[in-house]
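First up is the structure itself, then whatever we jot down about it.
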C-alpha cells in the first residue's frame, strides 16, 4: 500500500530556533499534501494544504510566517516551524494521497513529536 | 455543535468481544467516510473508507454509513489485544483524499 515517510520522528529544540520536518511519499506522487497538528487526547487539526509548485493554503488561525511550507517536488513537502516556542510543542503529522488513483484515500506519516524547551 | 462528534471513551472490552464505535456528524454534504486506527505516538493508519451510505466489510472490520441519520459505525469482531488503539472517524465533502474532518477518536482497550 501507499507509504508516507515523515522525518524526524522526534525532535527537541530550544526556544527561538527553527525546526524542519520532511514528508515524503515513497511509492506514489502527491501533488497535494496536508499537515496536521495533534495535541494529547485531541483530534487531528488541519494546519495547511501543501501544493506542489505553488503556495500552501493555511487554515484560519495558523500563522503562515511561523509555519513555512515548501512542496518542491511531487514526493516531498517540508514544514518549518520558525522561531519555535514551548506552545509549539505538539505532534505534527503529514498526509498525502496518490493522484493517479481515483478516490485514493489519505495516507499518513508516523508523525513528528516536537518538544520546544 | 461540532461537525463531527465521537465519544472519546475509553472503551474496555475482553478479548473476543464485538466492538461498536460510532460517530455522528452535522453536515449532510459529507460524502466520504473513513476510519483510522492510531497507536500511541504513531500516525493514523487507514482501516476502512466508504463512499455515501452502505456497508463495507474487510476481515474482522465492518464499516456502516447511514447518511439519513448522519451516523457512521465501525464494528470489530473477535477483538484482539492488538486492536487496542485509538480509532478516529473522518469524513470529507468530495474526493476521499481531500482534507479530512476528524472526530476526537475513541480509545479502545482489549484485555486478554
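Chains as they are written, first to last, in our numbering: chain A, 26 to 142; chain B, 76 to 187.
Ideal Cβ positions, reconstructed from N, Cα and C, are used throughout, including at glycine.
If you're wondering where the values come from, they're calculated on a predicted model, not measured in any experiment.
Counting along the chain, residue 93 (chain B) sits inside no beta strand (DSSP E), nor does DSSP assign it H or E at all. Close to chain B, meaning a Cβ-Cβ distance shorter than 9 Å, is no residue of the stretch 100-113 of chain A at all. Per DSSP, the continuous beta strand (DSSP E) segment holding residue 112 (chain B) begins and ends at 107-113. Under the rule that a run must span 4 or more residues, no alpha helix (DSSP H) segment is found entirely inside the stretch 111-166 of chain B. Using a 10 angstroms sphere on the CB of residue 111 (chain A), the tally of other CB atoms stays under 16, which defines it as exposed.
Only residues of its own chain outside the window of five on either side were considered, and among them 31 and 34 have a CB closer than 7 Å to the CB of residue 135 (chain A), listed in chain order.
For residue 67 (chain A), the C-beta contacts it makes with chain B under 9 Å involve 179 and 180, in order along the chain. In this chain, the beta strand (DSSP E) harbouring residue 47 (chain A) covers 44-50.
One Cα belongs to residue 183 (chain B), the other to residue 175 (chain B), and the distance between them is close to 22 Å. For residue 88 (chain A), the secondary structure class from DSSP, reduced to helix, strand or coil, is coil. Between the stretch 52-60 of chain A and the stretch 89-106 of chain A, the count of C-beta pairs closer than 8 Å reaches three or more; the two stretches touch.
For residue 78 (chain B), the secondary structure class from DSSP, reduced to helix, strand or coil, is coil.
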